[in-house]
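Asker: Taken in order, these protein sequences are the chains called A, B, C and D. Okay, so the first sequence: first residue is 1 according to UniProt numbering, each after it adds one. Okay, so the second sequence: first residue is 1 according to UniProt numbering, each after it adds one. Okay, so the third sequence: first residue is 1 according to UniProt numbering, each after it adds one. Okay, so the fourth sequence: first residue is 1 according to UniProt numbering, each after it adds one. All C-beta atoms in this analysis are idealised placements derived from N, C-alpha and C, irrespective of residue type, glycine included. For reference, the structure I am asking about is given below.
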Amino acid sequence: MNHGILVDIAFLLLAVLAVVSGWRVFRTDSMVRASFFLLLSFIAVGAIMLLLAAEYLGVAMFFMMGVEMMVMALFMVMFMMNPAGLNPMVMVHQHRISMGAGVTAFLVLGLMALLTRFPNRPLPAGLEPVASLGHEMLGGSMLIFESAAVVLLATMIGVVVLSSHRGRYGAANEGSLPPGLAPGGDPAGKPKEDQDGGHEHHHHHHH
Amino acid sequence: MVAMSTTIITITRQALLARKEVWMTLVTLLLLAAALIGIGLYGALSQQSFVMLMMGLELMLNGVMLAAVAFWALSGAGAPEGQLLTIIVMAVMAIEMAMGFALVVAVYRGKQADMTEALSELKQ
Amino acid sequence: MILNEMVLPIIVVLAVLVGGAYSVAVMDRVIATRLGAPRAGNPWLSPLTRGAWLLVQQANVTEAPDGRAWRLAPALYLALAATGLALVPWSETLVATDLATSVVLWGSVEALATVVIFLHGWSANAPLALIGAYRYVALGLSYLLISMFVLIGVALPAESLQLTQVVMSQEGLWNVVRQPLGLPLFLVVGLGMTFWGPLNLADSTDLAGGTASEVSGPPRLVWDVARAAMLVAFSGIAASAFLGGWLGPWLSGPLWMVVKMLAVLAVLLWLGRVVPRVAPERCVTGMWVVLLPLAFVDLIWAGVAALWQ
Amino acid sequence: MELLTLFIILLFALGAGWLVQWLPQRHSSMPTYPQRAPFLGGGSPDTHAWNRYHVRYYPMTLLLIAFEMEMMFMYPWAVVYVEEGLKAVMEMGMFLAILSVGIVYAWREGVFKWQ
């Protein structure tokens with residue numbers, strides 16, 4: 001059996017899958033479908049990483065991106081007009097400029113990839129990717145690793161502060177209005193009176 | 001067109017004889033990464049909605065991660081920093097997403113809007 | 001060489017996938033009868049009759065569903081179960097996919113299962129199915145962390161993320177003794193990710209079947225089979241991570257695996273019949289506030305035990 | 001090699017799952033439109049289900065995304081844990097301690113309560 005050619009075939013198929021599903025993200029009507037197309041693109045890239053012997057990173061792509069895209073889909077449902085795709089829609093502005101920018105970026109980066117001579121230093125035999133990563137993390141890059149913890153903690157606190165609707169000072173959505181059913185119309189489904197009480201606290205305004 | 005297909009056939013034949021990968025090389029991997037970054041850039045610039053804009057960013061980071069792993073595997077002789085870089089990009093992605101969505105929630109509460117254009121008054 | 005390394009494991013995995021799903025159905029019925037449920041036909045035959053009935057039943061359609069995704073979701077769930085089973089080592093050599101990171105791959109099976117279950121409920125375009133899907137996302141994401149902590153605890157003494165190495169590290173003492181908190185926590189995860197018994201909140205009866213409420217006919221058959229197969233795959237992982245996998249006296253390795261998997265399945269199905277269902281909103285709080293700290297404790301315990309040796 | 005095996009198994013499972021759904025239904029007719037109305041315990045829904053929907057537990061999901069990153073660091077750590085010994089204990093202990101502060105804070109703010 002010829003190993004190399006199988007890897008090649010797999011790589012070409014996965015590359016096509018990654019690009020096509022990445023493109024479909026911006027060309028589908030349903031927002032939930034868009035986030036799952038993005039997930040598909042990530043999975044294809046993760047599989048390519050597996051082919052490149054990055055066993056840990058490839059597999060990690062699957063689970064990190066699985067969770068992230070799931071959450072992305074939830075937020076799509078919460079914030080988008082059209083989570084379903086029952087009616088077609090175009091939600092783009094500056095279409096031409098963006099298209100040009102995308103193509104330019106591809107051409108510039110692609111030319112750089114084609115014209116630069118990179119050193120050809122493949123993985124040494126007997127390298128254990130996961131163990132080497134672990135040693136690096138605990139040894140040389142210890143500071144990066146620990147500061148990642150601090151940054152993540154800051155993110156967690158920021159997320160809670162910004163998004164928690166309950167909080168210690170009463171419901172955070174006090175005073176906010178749901179959008180009207182018609183443009184400029186009355187807010188839809190607005191509770192008639194405050195169920196929670198807690199009038200003494202004011203909603204935070206953004207400046 | 002003909003010349004291109006003959007080149008492709010020649011390369012593939014050489015691959016069959018040499019028994020190693022010819023298509024999965026650093027250059028093709030970087031081209032793929034460039035394509036993903038290009039599509040992501042298009043998405044990030046063209047989408048009106050904040051959430052879709054984030055998807056464009058994520059797609060760009062997807063390409064960056066692929067390029068990092070490709071360098072690690074084919075040009076970096078397996079230096080662990082290459083892998084660490086990928087993990088850092090993933091962390092950046094997670095943080096960007098978490099903070100981004102939290103901001104969307106907060107702004108939505110105040111303004112009932114999730115379009116980037118509707119947010120332009122924030123600049124003032 | 002190809003025969004031993006590829007064909008044999010593939011046949012084993014596919015046979016266990018089908019046979020395991022069938023035995024889950026049989027065992028569930030036997031356990032239900034033992035616990036006093038009215039006896040519904042021959043336990044050996046009734047799963048087959050139900051399967052045949054579903055196969056010829058008309059498949060339901062809702063108004064404007066996401067048709068492709070709706071049909072794809074059960075097949076994908078089955079494929080995830082097959083992936084999980086492919087990671088299970090039957091002996092030192094008989095294992096389909098012996099990745100260096102198979103523990104992480106199982107974690108991603110759990111993460112992707114959340115996506116697939118959500119897709120199943122979402123694509124029907126029906127309110128109750130959708131509520132089941134949203135519910136599962138909250139719970140599935142919460143189980144994920146517990147499962148990962150527990151599995152990292154298993155990886156510590158093995159010094160590897162490879163499932164075969166994890167089994168071999170249990171030569172002297174099984175992990176179920178060495179890390180007593182691990183298996184109970186992992187069983188909770190198993191019930192959760194197959195939404196079985198007390199943690200059946202995605203397809204529960206209070207939602208008239210949840211994500212599967214609009215599904216009938218062959219798609220329903222595939223969905224049910226896939227759920228049972230996922231339970232089998234989970235029991236395979238649990239048996240290799242905590243019960244010493246193929247290790248054991250007298251019997252040969254694969255036979256030990258079968259025995260241990262059946263034991264895990266029996267416990268899971270019994271729990272599913274005995275424990276009452278929990279309320280979903282309490283479930284999330286419980287996962288984060290009670291079980292996640294317990295998983296922390298399990299990890300510390302595993303770490304101390306691994307250094308002590 | 002292992003990846004090829006996994007791919008074949010995946011293909012078999014996916015194909016079987018799809019064929020079992022497709023083959024018996026090839027020639028059967030679709031249910032009529034009145035039958036297709038979603039089940040709602042006897043009531044008829046006013047809108048389609050794919051509406052905007054307020055997912056009540058979303059702060060938890062955002063927190064999870066940040067907290068889950070720590071898994072990325074923990075897996076490689078687990079592999080070298082015994083080798084590195086006490087150093088690994090200290091560094092991961094610090095890492096986890098920092099992150100648990102976030103979890104405790106979120107718990108105090110009521111993120112894990114649904115509704």
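For L99 (chain D), which residues from the same chain have a beta carbon less than 8 Å from its beta carbon, with the 5 sequence-adjacent residues on both sides left out?
Answerer: Around L99 (chain D): F67, E70.
Asker: Return the chain-ordered list of same chain residues with a C-beta closer than 6 Å to the C-beta of A40 (chain B), the five sequence neighbours on each side being excluded.
Answerer: In the sequence under discussion, the amino acid at residue 40 (chain B) is Gly, which differs from the Ala named in the question. Excluding positions up to five away in sequence, the list reads G56, L59, M60.
Asker: Taking all protein chains shown into account, do 16 or more other C-beta atoms lie within 10 angstroms of the C-beta of R26 (chain D), making it buried, or fewer, making it exposed?
Answerer: R26 (chain D) is exposed by the Cβ-count criterion.
Asker: For the alpha helix (DSSP H) containing S35 (chain A), name the first residue and the last one.
Answerer: Looking at the DSSP string, the run of the alpha helix (DSSP H) that includes S35 (chain A) is 31-51.
Asker: On the premise that L31 (chain B) lies in contact with A113 (chain A), defined as a C-beta separation below 8 Å, what is that separation, rounded to the nearest angstrom?
Answerer: The pair is a contact, with the Cβ atoms about 6 Å apart (cut-off 8 Å).
Asker: Starting from W270 (chain C), follow the alpha helix (DSSP H) in both directions and report where the run begins and ends.
Answerer: 253-274 is the extent of the alpha helix (DSSP H) around W270 (chain C).
Asker: Among C:V150, C:G197, C:T164, which has the Cα closest to the Cα of V176 (chain C)?
Answerer: Among C:V150, C:G197, C:T164, the Cα nearest to that of V176 (chain C) belongs to C:V150.
Asker: How is the alpha helix (DSSP H) around residue 366 (chain C) delimited, first residue to last?
Answerer: Outside the shown range of chain C (1 to 309) lies residue 366 (chain C), about which nothing can therefore be said.
Asker: Could you compute how far the alpha carbon of A3 (chain B) sits from the alpha carbon of T25 (chain B)?
Answerer: Their backbone Cα atoms lie some 21 Å apart in a straight line.
Asker: Run the CB neighbour count on A67 (chain B), radius 10 Å, all protein chains shown included, and call it buried at 16 or more, exposed below.
Answerer: Buried, by the Cβ-count rule.
Asker: Drop a sphere of 10 angstroms on the beta-carbon of Q83 (chain B), count the other beta-carbons inside from all chains shown, and report buried for 16 or more, exposed for fewer.
Answerer: Classification for Q83 (chain B): buried.
Asker: In angstroms with no decimal places, state the Cα-to-Cα distance between A148 (chain A) and M90 (chain B).
Answerer: The straight-line gap from Cα to Cα measures roughly 11 Å.
Asker: Hey, out of C:N4, C:V304, C:A212, whose CA is closest to A126 (chain C)'s CA?
Answerer: It is C:A212 whose Cα lies nearest to the Cα of A126 (chain C).
Asker: Quick one, which of C:I146, C:V189, C:A226, C:A100 has its alpha-carbon nearest G58 (chain A)'s?
Answerer: Nearest of C:I146, C:V189, C:A226, C:A100 to G58 (chain A), Cα basis: C:A100.
Asker: With a threshold of 16 other CB atoms inside 10 Å of the CB of M1 (chain A), please say whether the residue is buried or exposed.
Answerer: Only weak support is given to the placement of M1 (chain A): the predicted model assigns it a pLDDT of 42, under 50, and the value that follows is read from those uncertain coordinates. It is exposed - the Cβ of M1 (chain A) has fewer than 16 other Cβ atoms within 10 Å.
Asker: Flag G102 (chain A) as yes if its beta-carbon sits less than 9 Å from any beta-carbon of chain B, otherwise no.
Answerer: G102 (chain A) counts as touching chain B.
Asker: Who are the near neighbours of V103 (chain C) in its chain, counting only those whose CB is closer than 6 Å to its CB and skipping five residues on each side?
Answerer: The residues are L151, A155, L161.
Asker: Against chain A, does T6 (chain B) count as a neighbour if the rule is that its beta carbon must be under 9 Å from one of theirs?
Answerer: Chain A contact via Cβ: absent.
Asker: Per DSSP, V92 (chain A) forms a beta bridge with which residues?
Answerer: Note: V92 (chain A) sits in a beta bridge opposite B:Q47.
Asker: Kindly indicate which residue of C:A81, C:G245, C:L307 has the alpha-carbon position closest to the one of V232 (chain C).
Answerer: Considering only alpha carbons, the answer is C:A81.
Asker: Does the pairing of the segment 74-93 of chain C with the segment 108-117 of chain C give three or more beta-carbon distances under 8 Å?
Answerer: In short, these stretches touch, since the Cβ pair count reaches three.
Asker: My assumption, with CB atoms under 8 Å, is that A75 (chain C) sits in contact with G17 (chain D). Please give the rounded CB distance.
Answerer: Yes, A75 (chain C) and G17 (chain D) are in contact; Cβ-Cβ is about 3 Å, under 8 Å.
Asker: Which chain C residues are close to L39 (chain A), counting only those with a beta carbon under 8 Å from its beta carbon?
Answerer: Correct list: V115.
Asker: Using beta carbons (cut-off 9 Å, strictly below), is A13 (chain D) in contact with chain A?
Answerer: A13 (chain D) does not count as touching chain A.
Asker: Please identify, using Cβ separations under 9 Å, the residues of the segment 16-48 of chain A that lie next to chain D, in order along the chain.
Answerer: So the list reads S30, V32, A47, given in the order they occur along the chain.
Asker: Does residue 314 (chain C) come out as helix, strand or coil in the three-state DSSP assignment?
Answerer: For chain C, the structure presents residues 1 to 309; residue 314 (chain C) sits outside this window and is missing.
Asker: Could you tell me whether any Cβ in chain B is nearer than 9 Å to the Cβ of L143 (chain A)?
Answerer: False, the Cβ-Cβ gap to chain B never drops below 9 Å.
Asker: So with CB distances below 8 Å, who are the chain D contacts of D98 (chain C)?
Answerer: Residues of chain D passing the Cβ test: E2.
Asker: Which of the three DSSP states, helix, strand or coil, is assigned to L103 (chain B)?
Answerer: Correct three-state label for L103 (chain B): helix.
Asker: Do you know offhand how far A44 (chain B)'s Cα is from V297 (chain C)'s?
Answerer: Taking the straight line joining both Cα atoms gives about 43 Å.
Asker: Using the Cα positions of R121 (chain A) and M61 (chain A), report the straight-line distance between them to the nearest angstrom.
Answerer: Whole-angstrom Cα-Cα distance: 24 Å.
Asker: Check A96 (chain C) in the structure and name its three-state DSSP category.
Answerer: The answer is coil: DSSP assigns A96 (chain C) none of H, G, I, E or B.
Asker: Which of the three DSSP states is assigned to M69 (chain A) in this structure?
Answerer: Three-state result, M69 (chain A): helix.
Asker: Per the contact definition of three or more C-beta pairs closer than 8 Å, is the segment 188-197 of chain C in contact with the segment 137-145 of chain C?
Answerer: Result yes; three or more Cβ-Cβ pairs closer than 8 Å.
Asker: Expressed to the nearest angstrom, what Euclidean distance is found between the alpha-carbon atoms of V290 (chain C) and G126 (chain A)?
Answerer: In a straight line, the C-alpha of V290 (chain C) is about 42 Å away from that of G126 (chain A).
Asker: Just to confirm the assignment, what range does the alpha helix (DSSP H) spanning P157 (chain C) have?
Answerer: That run of the alpha helix (DSSP H) goes 127-158.
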